[in-house]
Amino acid sequence: MTKRNRKLWSVKNELMTKSREAMLCAVQIFNNPNIVFKSESFIVLSNIAWTYLLHAYYKNKGIDYRYYGKKAERKKFDRTKRGAFKFWELERCLDEENCPIDKVVASNIKFLIGLRHEIEHQMTTRIDDYISARFQACCLNF
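Below, the structure written as structure tokens:
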């Protein structure tokens, strides 16, 4: 039987490209003077950027970042309602022992994750001036 040739590099490259573009979009939106919803957009897009970046890292290292359960010594991968694989969210990626992100950077990202959860569940008032330093740190760390 011939070995199946998988193109893991293509998934990794796509994740890297989308990661970079998500962070660029986050910065462009935040710097746009015509947009009022800038902090919220930055937080959501930067979370996506970091998630894709870490997924690319784990893909490159051969670490399976899908959720699964064990059933009779076999992995049974968790799926969404529509049948797609469930991948690790950003916080799970940061908590992985093989995570390449240092603790200080991870702490900043986890702060933004908490804000993203708040944004998702309720409207925020003008937060731009209060947390812009965290946004800058997020970009520089990326």
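For what it's worth, numbering that gives the first Met the number 0 labels the leading residue of the sequence shown as 0, then goes sequentially.
Beta carbons are placed, not taken as given, at the ideal position from N, Cα and C, and that holds for glycine.
Item: Near residue 78, what residues of its chain come up, given a Cβ to Cβ distance below 7 Å and the 5 sequence neighbours on each side ignored?; Value: 84 and 85
Item: Using the beta-carbon count (16 or more within 10 Å), is residue 111 buried or exposed?; Value: buried
Item: Take residue 10 as the anchor and find which of 47, 59 and 50 has the nearest alpha-carbon.; Value: 59
Item: Can you name the start and end residues of the beta strand (DSSP E) that residue 73 belongs to?; Value: 73-76
Item: Can you grab the Cα-Cα spacing for the pair residue 98 / residue 49, in whole Å?; Value: 12 Å
Item: In the DSSP output, which residue or residues are listed as bridge partners for residue 82?; Value: DSSP lists no partner for residue 82.
Item: Is the separation between the beta-carbon of residue 38 and that of residue 137 shorter than 8 Å?; Value: no
Item: Is it true that the CB of residue 22 sits closer than 8 Å to the CB of residue 141?; Value: yes
Item: Using the DSSP secondary-structure output, state which residues sit across from residue 65 in a beta bridge.; Value: 86
Item: To the nearest angstrom, report how far apart residue 118 and residue 32 are at their CA atoms.; Value: 21 Å
Item: State buried or exposed for residue 41, treating a residue as buried only when at least 16 other CB atoms are found within 10 Å of its CB.; Value: buried
Item: At what residues does the alpha helix (DSSP H) containing residue 100 begin and finish?; Value: Element bounds for residue 100: n/a, residue is neither H nor E.
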